[in-house]
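Asker:
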Amino acid sequence: MSKVKVEYIWMDGHEPTQKLRSKTKIISGEVNSLSDLPNWGFDGSSTNQAAGEDSDCMLKPVYYILDPIRGGDNLLVMCEVMNADESVHKSNTRAHLRSVAEKYADQESWFGIEQEYTFFQGRVPLGWPEGGYPAPQGPFYCGVGADEVYGRDIVEDHLELCIDAGLEISGINAEVMPGQWEYQVGPLGPLDVADQLWLSRWLLYRISEDYGVSATLHPKPVKGDWNGAGAHMNFSTKAMRTTGGLKVIEAACDALAKKHDEHIAIYGAHNEERLTGLHETCSIKEFRYGVSDRGASIRIPMTTANDGYGYLEDRRPSANMDPYKVCAALIETTCG
Ligand code: ADP
Ligand code: MN
Ligand code: MN
Ligand code: MN
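Numbered per our numbering, the sequence shown spans residues 72 to 407.
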């Protein structure tokens, strides 16, 4: 019987930001649906998810894609972490989004996530001189040339892997700080976009490994006059996308204004280092929205304002945010 390598991927209990872990299970025979992928276990005492004397946690496969690195029939599978009795483990943030997505399914929410990240080689961003700084920011955003962008070969590999895996990646660009890049996933429904974002992050870390480079999602990887790394959430409901939608978007912004602190609390650790009011951000202490305003908390894109319907861009989430939490919060605040 043929053997399939299945990479079981899950979020650990690392604080303040959960990280990805994975291990490989060999399965005999074909995998045609999730039910062909058995639950599995791991040592939660090594991932900050259990105590040593009661260490077993359960991995429940919830979303799988082709493994574009191993190729063939091999798979990558995102898992939810469960307790031994199959109840939801406290580190499992997907379970809440599952119920929120179901409750508000009739509103047909879509998300497009802009994932920014920074390559590091050793202690410095990729391409930066050891112990020094490159030229000031300005030429690097969407730049071209060996003196402007660093790591394009990895970025191109990652893009190709995401497409081969069937992920809904919608674009890439070099960012404002040298060594920093972005890709976008979506638009997709809440569970799909969040599962795909986690899997695309795993592919990013994994392919960077082959280059001896690490990709980091820290919101402010270099202190000082350098752009931070965010994860803008482009969000719409069916009502926002149809005639008269701009009014619905403005009402959503008013609802988000009232819940600013609650949202900031789950928009990523160390985000206060990034949301300073400089570098195309709004201060973490303020909430503002506006058309085309990249210094606002929420930007209403020009096309949306012109058409009278479309989507909003929540610019507050940091690169290291958990999309399960952020998607759930956006739906709960604006769809209730
Ligand atoms: P920016 O101009 O902020 O850099 P990007 O082009 O990087 O914007 O990202 C915009 C994202 O918004 C894309 O992922 C796109 O798929 C997504 N998007 C477009 N329309 C919608 C919509 N109606 N609802 C949600 N997301 C959307
Ligand atoms: Mn972008
Ligand atoms: Mn960007
Ligand atoms: Mn953006």
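Glycine included, C-beta positions come from ideal geometry on N, C-alpha and C.
This one's a predicted model, so the numbers in the text were calculated from it and none came from an experiment.
Give the straight-line distance between the Cα atoms of R312 and T405, rounded to the nearest whole angstrom.
Answerer: Position 241 of the sequence shown, counted from the first residue, corresponds to residue 312. Position 334 of the sequence shown, counted from the first residue, corresponds to residue 405. Each residue's Cα considered, the two are about 14 Å apart.
Asker: Whose CA, out of K94, K76, N119, lies closest to the CA of G100?
Answerer: Position 29 of the sequence shown, counting from 1, holds the residue named residue 100. Cα-wise, what sits closest to G100 is K76.
Asker: Rounded to a whole number of angstroms, what is the C-alpha to C-alpha distance between N119 and E157?
Answerer: One-based indexing of the sequence shown puts residue 119 at position 48. One-based indexing of the sequence shown puts residue 157 at position 86. Whole-angstrom Cα-Cα distance: 18 Å.
Asker: What are the start and end residues of the alpha helix (DSSP H) that includes Y411?
Answerer: The question about residue 411 has no answer, for the chain in this structure spans 72 to 407.
Asker: Any heavy atom of ligand 3 closer than 8 Å to the CB of E246?
Answerer: As a working note, residue 246 is residue 175 in the sequence shown. The answer is yes for E246.
Asker: How should V362 be labelled, buried or exposed, when 16 other C-beta atoms within 10 angstroms of its C-beta is the threshold for buried?
Answerer: Your numbering for residue 362 matches position 291 in the sequence shown. Burial call: exposed.
Asker: Verify whether the separation of the beta carbon atoms of P207 and W199 is less than 9 Å.
Answerer: Along the sequence shown, one-based indexing puts residue 207 at 136. Along the sequence shown, one-based indexing puts residue 199 at 128. Cβ atoms of P207 and W199: not closer than 9 Å.
Asker: For Y282, list the residues DSSP reports as bridge partners.
Answerer: As a working note, residue 282 is residue 211 in the sequence shown. Note: Y282 sits in no beta bridge, so no partner.
Asker: Along the alpha helix (DSSP H) that carries I234, what are the first and last residues, could you check?
Answerer: Looking up residue 234 in the sequence shown gives position 163. Counting along the chain, the alpha helix (DSSP H) containing I234 begins and ends at 223-236.
Asker: Under 9 Å, do V148 and I136 count as touching if we go by C-beta distance?
Answerer: As a position in the sequence shown, residue 148 is number 77, starting the count at 1. As a position in the sequence shown, residue 136 is number 65, starting the count at 1. Yes. Within cutoff.
Asker: Among M373, D235, I243, which residue has its Cα nearest to the Cα of L146?
Answerer: Along the sequence shown, one-based indexing puts residue 146 at 75. Cα-wise, what sits closest to L146 is D235.
Asker: Which of the three DSSP states, helix, strand or coil, is assigned to L197?
Answerer: Taking the first residue of the sequence shown as 1, we reach residue 197 at position 126. Here L197 sits in coil by DSSP.
Asker: Terminal residues of the continuous alpha helix (DSSP H) containing E173?
Answerer: Counting from 1 along the sequence shown, the entry for residue 173 is found at position 102. Segment 165-174, the alpha helix (DSSP H) holding E173.
Asker: Taking the beta strand (DSSP E) that G143 falls in, what are its first and last residues?
Answerer: Walking along the sequence shown from the start, residue 143 turns up at place 72. Note, G143: premise wrong, no beta strand (DSSP E); not H, not E.
Asker: Please list, following the chain, all residues that have a C-beta closer than 5 Å to any non-hydrogen atom of ligand 1.
Answerer: With the cut-off at 5 Å, the residues found are W181, G183, E185, S241, Q255, G257, P258, N305, S307, Y382.
Asker: With a threshold of 8 Å, establish whether the CB of H303 neighbours any heavy atom of ligand 3.
Answerer: As a working mapping, residue 303 is identified with position 232 in the sequence shown. Yes, ligand 3 has a heavy atom inside 8 Å of this Cβ.
Asker: Going by C-alpha distance, which of T347, E124, Y79 is nearest G112?
Answerer: Counting from 1 along the sequence shown, the entry for residue 112 is found at position 41. The residue with the shortest Cα to Cα distance from G112 is Y79.
Asker: So I355 and L346 are supposed to be a Cβ contact under 8 Å. How far apart are they, rounded?
Answerer: Taking the sequence shown and counting its residues from 1, the one referred to as residue 355 is at position 284. Taking the sequence shown and counting its residues from 1, the one referred to as residue 346 is at position 275. About 4 Å separates the two Cβ atoms, so the contact holds.
Asker: Taking the Cβ atom as the reference point for each residue, do H303 and I184 lie within a distance shorter than 9 Å?
Answerer: The count along the sequence shown starts at 1 and reaches residue 303 at position 232. The count along the sequence shown starts at 1 and reaches residue 184 at position 113. A contact, by the Cβ cut-off of 9 Å.
Asker: Please go through the same chain and pick out, in chain order, the residues whose beta-carbon is closer than 6 Å to the beta-carbon of I402, but skip the five residues on each side of it.
Answerer: Here residue 402 refers to the residue found at position 331 when the sequence shown is read from its first residue. The answer, listed in chain order, is V171, Y175, S180.
Asker: Going by C-alpha distance, which of P388, P290, P394 is nearest G332?
Answerer: Here residue 332 is taken as the residue at index 261 of the sequence shown, counted from 1. The displayed chain sequence assigns Asp, not Gly, to residue 332. Checking every option, the nearest Cα to that of D332 belongs to P388.
Asker: Just to confirm, does E384 get its C-beta within under 8 Å of one of the non-hydrogen atoms of ligand 4?
Answerer: The sequence position of residue 384 within the sequence shown is 313, counting from 1. Yes, the beta carbon of E384 sits closer than 8 Å to at least one heavy atom of ligand 4.
Asker: Between which two residues does the alpha helix (DSSP H) carrying N377 extend?
Answerer: Taking the first residue of the sequence shown as 1, we reach residue 377 at position 306. It spans 373-378 - the alpha helix (DSSP H) in which N377 sits, taken as one unbroken run.
Asker: Helix, strand or coil for W181? Go by DSSP, reduced to three states.
Answerer: On the sequence shown, residue 181 is found 110 positions in, with the first residue counted as 1. Strand, per DSSP.
Asker: Taking 8 Å as the cut-off, does the CB of E253 come closer than this to any heavy atom belonging to ligand 2?
Answerer: Within the sequence shown, residue 253 is the residue found at index 182, counting from 1. Indeed, a heavy atom of ligand 2 lies less than 8 Å from the Cβ.
Asker: With a CB to CB cut of under 7 Å and the five nearest residues on each side skipped, what residues in its chain are close to N391?
Answerer: Here residue 391 is taken as the residue at index 320 of the sequence shown, counted from 1. Correct list, in chain order: T88, L288, H289, P290, G339, A340.
Asker: Going by C-alpha distance, which of D263, M373, D114, Y188 is nearest L168?
Answerer: One-based indexing of the sequence shown puts residue 168 at position 97. Closest by alpha carbon: D263.
Asker: Does V102 come out as helix, strand or coil in the three-state DSSP assignment?
Answerer: If you number the sequence shown from 1, residue 102 lands on position 31. Coil, per DSSP.
Asker: How long is the line joining the alpha carbons of P372 and A323, rounded to whole angstroms?
Answerer: Within the sequence shown, residue 372 is the residue found at index 301, counting from 1. Within the sequence shown, residue 323 is the residue found at index 252, counting from 1. Distance between the alpha carbons of P372 and A323 is about 15 Å.
Asker: Could you tell me how far apart the beta carbons of A245 and Y212 are, in whole angstroms, since I believe they sit closer than 8 Å?
Answerer: For the purposes of this step, residue 245 is taken as residue 174 along the sequence shown, with counting starting at 1. For the purposes of this step, residue 212 is taken as residue 141 along the sequence shown, with counting starting at 1. Rounded, the Cβ-Cβ distance is 6 Å, consistent with contact.
Asker: Between H160 and the rest of its own chain, which residues show a CB-CB distance below 7 Å, the 5 nearest in sequence each way excluded?
Answerer: Residue numbering aside, residue 160 sits at position 89 when the sequence shown is read from its first letter. Counting only Cβ-Cβ distances below 7 Å, and skipping sequence neighbours, we find Q120, C128, V152, M153, N154.
Asker: Could you give the distance in angstroms between the alpha-carbon of P109 and the alpha-carbon of C353?
Answerer: Within the sequence shown, residue 109 is the residue found at index 38, counting from 1. Within the sequence shown, residue 353 is the residue found at index 282, counting from 1. Distance between the alpha carbons of P109 and C353 is about 46 Å.
Asker: Quickly, what does DSSP pair S389 with across the bridge? List them, please.
Answerer: Counting from one through the sequence shown, the residue named residue 389 turns up at place 318. Bridge partners of S389: G301.
Asker: Do you know how far the Cα of G260 is from the Cα of A399?
Answerer: Along the sequence shown, one-based indexing puts residue 399 at 328. Along the sequence shown, one-based indexing puts residue 260 at 189. Roughly 11 Å separates the two Cα atoms.
Asker: Would a check of beta-carbon distances place I98 closer than 9 Å to chain C?
Answerer: In the structure shown, chain C does not exist; there is a single protein chain.
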